[in-house]
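All residue numbers for the sequence shown refer to my numbering, where the first residue is 7 and numbers rise by one.
Note that the Cβ used here is the ideal one computed from N, Cα and C, for glycine as well.
What you are looking at is a predicted structure, and each value in this text was computed from that prediction instead of being measured.
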Amino acid sequence: MMLRRILSSVDSQFLNALKLQLGGSSYLSSRSVSSLPEAVGLDSDRSDEENGEMDWDNLGFALTPTDDMYVMKCSRNGYFTHGKLSRYGNIELSPSAGVLNYGQGLFEGLKAYRRAKGSGFLLFRPKENAKRMQVGAERMCMPAPSVDQFAHAVEQTVLANKRWVPPSGKGSLYIRPLLLGSGAILGVAPAPEYTFVVYATPVGTYFKEGMAPINLLIEHVTHRASPGGTGGVKTIANYAPVLQAQMSAKSRGFSDVLYLDSVNKRYLEEASSCNLFIVKGGVISTPYSNGTILPGVTRKSIIELSRNVGYQVSERLVSIDDLREADEVFCTGTAVVVTPVSSVTYQGHSYRYKTGEETVTKKLYEALTKIQMGLVEDKLGWTVNIND
Ligand code: COI
7 MMLRRILSSV DSQFLNALKL QLGGSSYLSS RSVSSLPEAV GLDSDRSDEE NGEMDWDNLG
67 FALTPTDDMY VMKCSRNGYF THGKLSRYGN IELSPSAGVL NYGQGLFEGL KAYRRAKGSG
127 FLLFRPKENA KRMQVGAERM CMPAPSVDQF AHAVEQTVLA NKRWVPPSGK GSLYIRPLLL
187 GSGAILGVAP APEYTFVVYA TPVGTYFKEG MAPINLLIEH VTHRASPGGT GGVKTIANYA
247 PVLQAQMSAK SRGFSDVLYL DSVNKRYLEE ASSCNLFIVK GGVISTPYSN GTILPGVTRK
307 SIIELSRNVG YQVSERLVSI DDLREADEVF CTGTAVVVTP VSSVTYQGHS YRYKTGEETV
367 TKKLYEALTK IQMGLVEDKL GWTVNIND
């Protein structure tokens, strides 16, 4: 009730109002915030000096708060409306929000690159993320923004934070769309209201190894997903359950964990943050996506790109035996891009793989990142131009 009252008063007052009250939280129009630095519940404006101090040569994968985020709400009618940029800052949620109590939430990740020549930015396949969010929303009983709404929100977020897009070749602006069951609910049921938020932060390489190959540990006790579960959608609920295994592996010097299927415990699924590929005798294989593996946008792009340049690619069951015999292993993901794997350890045995210049992994990394950064013609039509 309260929310509806607030929303209807906002509808009529919005054009004159400087603040948009949503679900008890305060979001400010980005265009008006500079005159209201004392804005309720928001971080203070970020200065140009802060941006000027960015060490673009040493970007890792850590959060740098940026200027603006995009927020759009949806109540019981299922339609998202009144999307707006507002200052990047905390959002307020009811303690009984569906996302906090029952994990009704999804996220996405995509990147914008600064063009090497001229002005403007390139987004990589944003509609793929929008469609994946829609599939996930259906699984999680949530309404989702339309593909166009998603793409528009992402573009607005990039433009509003353009000073945070790293110089070409130094990294990218990582864009994180969230879909949250923000309405209050006590019994186990879908939330009565949803919030779509898009924020962005400059990033470099995901793993602390930088561009160097990583070492993975196969986990055989903890499983990331099970048949009929939610492993195939990008719900927030897939990530906390892998932290224990991931932290334990990291404390033993590994970069990440590779999960096995939960039924046979011998087929590879994916790592905590990325998909997996193996190369054997020039043939590329990746675990097929049967509902327990995230259908990664980079995974899909690498499959398409590999086939385009003449490699045979097989989406199939990939077993531990396949892994033992592989020539090369690599991971893919928006955050990790294409990361070479130098070793995989399973039950005390470590298997080593070819890395470096003359590898299929390196060729695919180069081919993909040149398209993403606009360094070659995008014959596949994957990139979306954002004009400055
Ligand atoms: C991405 O690659 O965008 C991801 O979602 C991985 C994330 C868990 C860091």
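Among the options, whose alpha-carbon lies nearest the alpha-carbon of residue i?
{"i": "residue 362", "options": "139, 370 and 374", "result": "370"}
{"i": "residue 260", "options": "94, 354 and 180", "result": "354"}
{"i": "residue 306", "options": "339, 289, 325 and 243", "result": "339"}
{"i": "residue 250", "options": "236, 268, 237 and 229", "result": "229"}
{"i": "residue 153", "options": "247, 132 and 248", "result": "132"}
{"i": "residue 73", "options": "288, 94 and 134", "result": "94"}
{"i": "residue 287", "options": "83, 359, 195 and 101", "result": "359"}
{"i": "residue 170", "options": "256, 159 and 75", "result": "75"}
{"i": "residue 146", "options": "100, 172, 194 and 163", "result": "194"}
{"i": "residue 350", "options": "174, 295 and 283", "result": "283"}
{"i": "residue 337", "options": "316, 303, 331 and 314", "result": "303"}
{"i": "residue 256", "options": "114, 225 and 121", "result": "225"}
{"i": "residue 119", "options": "141, 164, 155 and 100", "result": "164"}
{"i": "residue 217", "options": "123, 246, 386 and 368", "result": "368"}
{"i": "residue 280", "options": "101, 386, 159 and 345", "result": "345"}
{"i": "residue 123", "options": "155, 332 and 174", "result": "174"}
Looking at residue i and ligand 1, is the gap between the Cβ and the nearest heavy atom below 7 Å?
{"i": "residue 81", "result": "no"}
{"i": "residue 238", "result": "no"}
{"i": "residue 357", "result": "no"}
{"i": "residue 345", "result": "no"}
{"i": "residue 341", "result": "yes"}
{"i": "residue 312", "result": "no"}
{"i": "residue 235", "result": "no"}
{"i": "residue 115", "result": "yes"}
{"i": "residue 279", "result": "yes"}
{"i": "residue 245", "result": "yes"}
For residue i, collect the residues of the same chain with a Cβ closer than 6 Å to its Cβ; drop the 5 residues on either side in sequence, then sort them by chain order.
{"i": "residue 373", "result": "311"}
{"i": "residue 212", "result": "67, 341 and 342"}
{"i": "residue 180", "result": "117, 207 and 209"}
{"i": "residue 30", "result": "Only weak support exists for where residue 30 lies, its pLDDT of 28 falling under 50; the value from the coordinates is given anyway. Counting only Cβ-Cβ distances below 6 Å, and skipping sequence neighbours, we find 98."}
{"i": "residue 268", "result": "229 and 232"}
{"i": "residue 248", "result": "230 and 278"}
{"i": "residue 262", "result": "222, 277 and 278"}
{"i": "residue 309", "result": "319"}
{"i": "residue 365", "result": "334"}
{"i": "residue 41", "result": "For residue 41, the predicted structure reports a pLDDT of 24, less than 50, and the residue's modelled location is therefore unreliable. A value from the coordinates is still provided. Around residue 41: no qualifying Cβ."}
Once the 5 residues before and after residue i are set aside, which same chain residues still bring their CB inside 7 Å of it?
{"i": "residue 185", "result": "111, 112, 139, 143, 148, 150, 200 and 202"}
{"i": "residue 157", "result": "132, 133 and 136"}
{"i": "residue 18", "result": "At residue 18 the pLDDT is 29, less than 50, meaning the model places this residue with poor confidence and gives no usable figure here."}
{"i": "residue 275", "result": "230, 231, 265, 266, 267, 293, 298 and 299"}
{"i": "residue 166", "result": "36, 73, 74 and 91"}
{"i": "residue 384", "result": "377"}
{"i": "residue 322", "result": "291 and 294"}
Using the Cα positions of residue i and residue j, report the straight-line distance between them to the nearest angstrom.
{"i": "residue 192", "j": "residue 96", "result": "23 Å"}
{"i": "residue 116", "j": "residue 129", "result": "8 Å"}
{"i": "residue 107", "j": "residue 77", "result": "21 Å"}
{"i": "residue 188", "j": "residue 98", "result": "9 Å"}
{"i": "residue 86", "j": "residue 92", "result": "16 Å"}
{"i": "residue 320", "j": "residue 109", "result": "34 Å"}
{"i": "residue 357", "j": "residue 58", "result": "44 Å"}
{"i": "residue 161", "j": "residue 60", "result": "23 Å"}
{"i": "residue 103", "j": "residue 240", "result": "19 Å"}
{"i": "residue 392", "j": "residue 227", "result": "45 Å"}
{"i": "residue 176", "j": "residue 63", "result": "6 Å"}
{"i": "residue 347", "j": "residue 222", "result": "7 Å"}
{"i": "residue 39", "j": "residue 168", "result": "Confidence is the limiting factor: at residue 39 the pLDDT is only 28, short of 50, which leaves the residue's position unreliable, though a coordinate-based value still follows. Those two C-alpha atoms are separated by around 17 Å."}
{"i": "residue 219", "j": "residue 83", "result": "48 Å"}
{"i": "residue 272", "j": "residue 121", "result": "43 Å"}
{"i": "residue 214", "j": "residue 65", "result": "10 Å"}
{"i": "residue 172", "j": "residue 178", "result": "6 Å"}
{"i": "residue 316", "j": "residue 327", "result": "26 Å"}
{"i": "residue 125", "j": "residue 289", "result": "39 Å"}
{"i": "residue 329", "j": "residue 141", "result": "31 Å"}
I'd like the list of long-range same chain contacts for residue i, defined as Cβ closer than 8 Å, with 5 residues on each side in sequence excluded.
{"i": "residue 376", "result": "382"}
{"i": "residue 389", "result": "128, 129, 130, 131, 377, 378 and 380"}
{"i": "residue 237", "result": "230, 231, 244, 275, 297, 298, 299 and 300"}
{"i": "residue 49", "result": "Here residue 49 scores only 43 on pLDDT, less than 50, and its place in the model should not be relied on; the value that follows carries that caveat. For residue 49, where only same-chain residues beyond five positions count, the Cβ hits under 8 Å are 71, 93, 94, 95 and 96."}
{"i": "residue 182", "result": "113, 114, 115, 204, 205, 206 and 207"}
{"i": "residue 324", "result": "273, 274, 282, 284, 291, 292 and 293"}
Would you list, in sequence order, the uninterrupted alpha helix (DSSP H) runs of no fewer than 4 residues that lie entirely inside the stretch 315-391? 326-331 and 366-378
Contiguous alpha helix (DSSP H) assignments of at least 4 residues, all confined to the stretch 132-175: 132-145 and 153-166
Ignoring anything shorter than 3 residues or poking outside the stretch 77-137, list the beta strand (DSSP E) runs there in chain order. 87-93, 111-113, 116-120 and 127-130
Sequence ranges, alpha helix (DSSP H) only - wholly within the stretch 243-328, length at least 4: DSSP runs (the alpha helix (DSSP H)) wholly in the stretch 243-328: 249-257 and 303-314.
Return the chain-ordered ranges of every beta strand (DSSP E) run that is complete within the stretch 188-218 and spans a minimum of 3 residues. DSSP runs (the beta strand (DSSP E)) wholly in the stretch 188-218: 200-209.
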